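Sequential numbering from 25 applies to the sequence shown in the working numbering. Take a look at the structure set out below.
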Amino acid sequence: MSAALPNPAGFTTTTDALVLASVTSPVEADLIAEWLRTQRAGHPETRVDVVTLTGDDGDRGPDSGNADMARLVNQLAADEQRPVVPVRVFWIPRANASTLNRVVALLPGQDPYHPSDRAQRRILRTDPSRARVVAGESATVAELRRQWQETTVGGSPRDFAYFVYRRAELALERAEYRILGPQYKSPRLVTPEILASSRFRAGLEKIPGANLDEARKMLDELSTGWSRVSVDLVGVLTRAISRGFDPEIDYDEYQVAALREALETHPAVLLFSHRSYIDGAVIPLAMQENRLPPVHVFAGINLSFGAMGPLLRRAGVIFIRRNIGDNPLYKYVLRQYVGYVVEKRFNLSWSIEGTRSRTGKMLPPKLGLMSYVADAYLDGRSDDILLQGVSISFDQLHETDEYAAYARGGEKTPEGVSWLYSFIKAQGERNYGKIYVRFPDAVSMRHYLGPADGPIGADLDAKRLAMQKMAFEVAWRIQRSTPINATALVSALLLTTRGQALTLGQLHHTLQDSLDYLERTETPMTNSALRLRTRDGVRAAVDALSGGHPITRVDGGWEPVWRIAPEDEHAAAFYRNSVIHAFLETCIVELALAHACDAEPASGDRSTVFWEQAMRVRDLLKFEFYFADSAAFREHVAAEMGWQDGWEARVRDGGEQIEELLRAKRPLMSNAMLRVFFEAYEVVADVLRSAPTAIDAEELTTLALGVGRQYIAQGRVRSAEPVSTLLFATACQVMGDQGLLVGADEQVDPAELTERRVAFHRELRGILADIDRIERIAREQFFAREARRRAAAGRRRPR
């Protein structure tokens, strides 16, 4: 059954009808009886039989012993061509209910969509327009029986009656959400529908030791749904856990309109970037505020604690177990659950990164849940599924303090009631600015996987490769659509000064080159970033970050100055890292130029050295950042160099010509953006030079933390920032990729391995020397601009 209005659905002048009335109170029985009298009066020649169903116990339908179900069984056997018309009373809540009323609606008996008998009578006295009899679109008994035989198991008349009941409930739900709006759409009766499916039963029989009761428990654990009360409350709840942020989320209205159109034709998976626990609440709120269909957000079952589990389940959260590799039944049930949701055209959502990024930059995409969605597509459950990236970004986050502690070697705080209290409390301690949500163009699953009946479904390697490309494309679009904010640009600048404070004028004029570059590359920026064009905008940005968040303001002199203290460097790095992608290719151009400046190429062509070094740096950073494929990357680098006519000839000439290219380049960003990563790699490579032949990543990280702290004390690294478990984890990946980490059971020549480790360490030192050169040029540019600024001001300010 599918829903359709007007109410007289199924009544014609020639066909009898069976009305299936869902009733929960005498008031509703009277309203439906009145509706039936009206229908019969309008169609006197039509015979209308009525079966009233009461005693609903939720997803499993009326009690199997209910006499009403017995009558339904008899009525369904009487006439195969008779349409079945589902009917019930829909109670419309008061418009513009207050926040208090929305919270009260959570209490037993206070649900405005399911008012008590007493409340129903009061509504009829005071505002009868809020009680409406709704009929779902009809289907004939024969049509329903055919669907039942094609999709479910169980051949008894009572099984068929339960199937009809479930279809009636779904038809009524669809009729009602058309009145309320698409944001109220929610799957119902999921567990009985899946359990009755012949597809599900056939697969279950292939799993050794699997049984229906255990599968039912797993489905109950997974099943979720938006109660209408929770939809009304979602804004209130999200505001509660995001106190301190501007209540107006920043959207791109054109992107919202495109998403609305796309969701009208295909189900979607909304894959969001993940920086905060708030992200999972922002997605449902964004859908509700823009009157888009709701999403069902996957979350780790570790968040289902205390009262949070039931509450979040009613808010569309699907809790999944963390470790399911050795549980084939759970994996099967989860796959079938995802397939069912997709087939019914409901939307799913989870973090494409799988977990929060504690560094500020995007993590590699995780393919686990996505593979289940791909299976649903390849099984023919939808002709296409959209992978909709969602960028969620913030001016500030209080969680950066936690990430900084973790970078220094701290442990993650386990979730619980006290943790939740502390989280919400911290959210209200100050103003964190705005939340930004962007919806880049969606990626078509059909485009990457081909037709559902194509060859890729039978080729696991081809499927996995296609999924990797698909996921990276989604992540790339998320990254490119994320607007650059003032917090990140100011943090990036002040991190380069190594604790030295800057005046407002110095901050303002130094930021202009970065803003010019972002405008030239058409990189999206927030209003706060655009306001950095003015001194007032810069002042607003640094004042918002002052007090160690992560900037310290120093007063009492000729004028205020701002700096980042050593203890705040890790927090500031989180913000800086969120914008590196926008400058990544221009940074690599700088490193390739600096390397080619002094290198002696075997072929005599320094342009070859330039391109080889650009590709080498790209390879070393591939675990940190997203890159275009090799061909596209070369095109991007060439475009970056397009700011200088005849650059290729000047690179071939080498020496002073390349030096002049570097001195003419604006901005010079590799010191600001990439130094810390190569310093972290260099610390780990330094430890690895004298490490045992066989060493694992955990042991190497522990040793590197100790050595790194020594180097901080000795001043051998510029700051505390590169001494980070987060950066060292990626450094270990790089070492492994270079073949420098070996297991205890691997046979290698220790001398040859040590030689390669020493050579790699030397290579990293060379890259850092190139960054030093670029930094010197950048500082010369800074002082030249400062001199011009002071000359224009007509006086010399104290330094």
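Even for Gly, the Cβ is constructed at its ideal location relative to N, Cα and C. Just so we're clear, the structure is a prediction, and the values are computed from it rather than from any experiment.
**Prompt:** Could you give the C-beta distance for residue 293 and residue 397, rounded to a whole number, given that I count them as a contact under 8 Å?
**Reply:** 6 Å
**Asked** alpha helix (DSSP H) containing residue 412: first to last residue?
**Response** Counting along the chain, residue 412 falls outside any alpha helix (DSSP H), though it belongs to the beta strand (DSSP E) covering 410-418.
**Request:** Closer than 7 Å by C-beta to residue 694: which residues in its own chain qualify, once you throw out the five before and the five after it? Chain order, please.
**Result:** 611, 614, 615, 795, 798
**Item:** Selection from 593, 635, 429, 651 that minimises the alpha carbon distance to residue 832
**Value:** Past the boundaries of the shown model lies residue 832; the chain is included only from 25 to 823, so the question cannot be answered.
**Request:** Please specify which runs of the alpha helix (DSSP H), each continuous and at least 4 residues long, are wholly inside the stretch 693-751, giving them in chain order.
**Result:** 694-697, 699-713, 721-738
**Item:** Identified DSSP bridge partners for residue 457
**Value:** 269
**Message:** Does the contact criterion of 3 or more C-beta pairs under 8 Å hold for the stretch 361-370 versus the stretch 404-422?
**Reply:** yes
**Request:** Taking the CB atoms as reference points, tell me whether residue 578 and residue 416 lie closer together than 8 Å.
**Result:** no
**Prompt:** When you compare only the Cα positions, how much space is there between residue 451 and residue 444?
**Reply:** 11 Å
**Message:** Check for me: the beta strand (DSSP E) holding residue 520 runs from which residue to which?
**Reply:** No beta strand (DSSP E) contains residue 520, which DSSP labels as neither H nor E.
**Request:** Go through its chain and collect everything with a Cβ distance to residue 361's Cβ below 6 Å, but skip five positions before and after it.
**Result:** 246
**Request:** List the DSSP bridge partners of residue 103.
**Result:** None, per the DSSP bridge assignment.
**Beta-bridge partners of residue 221, as assigned by DSSP** = 176
**Request:** Could you tell me if residue 296 is buried or exposed, where buried requires 16 or more neighbouring beta carbons within 10 angstroms of its beta carbon?
**Result:** buried
**Prompt:** Do residue 641 and residue 609 have their CB atoms nearer than 8 Å?
**Reply:** no
**Prompt:** Just how far apart, CA to CA, sit residue 89 and residue 41?
**Reply:** Residue placement at residue 89 cannot be trusted, given a pLDDT of 48 that sits under 50; the coordinates are not used to answer.
**Prompt:** Assuming residue 265 and residue 302 make a contact with CB atoms under 8 Å, what is their CB distance in whole Å?
**Reply:** 6 Å
**Message:** Does the contact criterion of 3 or more C-beta pairs under 8 Å hold for the stretch 173-193 versus the stretch 149-156?
**Reply:** no
**Asked** How big is the Cα-Cα spacing for residue 116 and residue 51?
**Response** 15 Å
**Asked** Does the separation of the CB atoms of residue 634 and residue 617 fall below 8 Å?
**Response** yes
**Item:** Beta-ladder partner(s) of residue 296, from DSSP
**Value:** 375, 414
**Asked** Distance, Cα to Cα, residue 401 vs residue 412?
**Response** 15 Å
**Request:** Return yes when the Cβ of residue 574 is within less than 8 Å of the Cβ of residue 553, no when it is not.
**Result:** no
**Limits of the unbroken beta strand (DSSP E) element including residue 573** = Neither: residue 573 is in no beta strand (DSSP E) and is coded neither H nor E.
**Prompt:** Do you know offhand how far residue 811's Cα is from residue 581's?
**Reply:** 21 Å
**Asked** Cα-Cα, which of 770, 571, 474, 383 is closest to residue 647?
**Response** 383
**Message:** For a test of the three-state rule: what should DSSP assign to residue 603, helix, strand or coil?
**Reply:** coil
**Asked** Using the rule of at least 16 other Cβ atoms within 10 Å of the residue's Cβ for burial, across every protein chain shown, is residue 526 buried or exposed?
**Response** buried
**Asked** Between residue 493 and the rest of its own chain, which residues show a CB-CB distance below 7 Å, the 5 nearest in sequence each way excluded?
**Response** 472
**Asked** Going by alpha carbons, who is nearest to residue 787 out of 203, 703, 60, 68?
**Response** 703
**Boundaries of the beta strand (DSSP E) in which residue 587 is found, first to last residue** = 585-587
**Message:** Shorter than 7 Å, the distance from the beta carbon of residue 316 to the closest heavy atom of the ligand HEM, or not?
**Reply:** Looking for the ligand HEM in the displayed structure turns up nothing, as the structure carries no ligands at all.
**Request:** Pull up the distance between the alpha-carbon of residue 348 and that of residue 757, whole angstroms please.
**Result:** 25 Å
**Item:** Through-space distance from residue 801 to residue 745, alpha-carbon basis
**Value:** 23 Å
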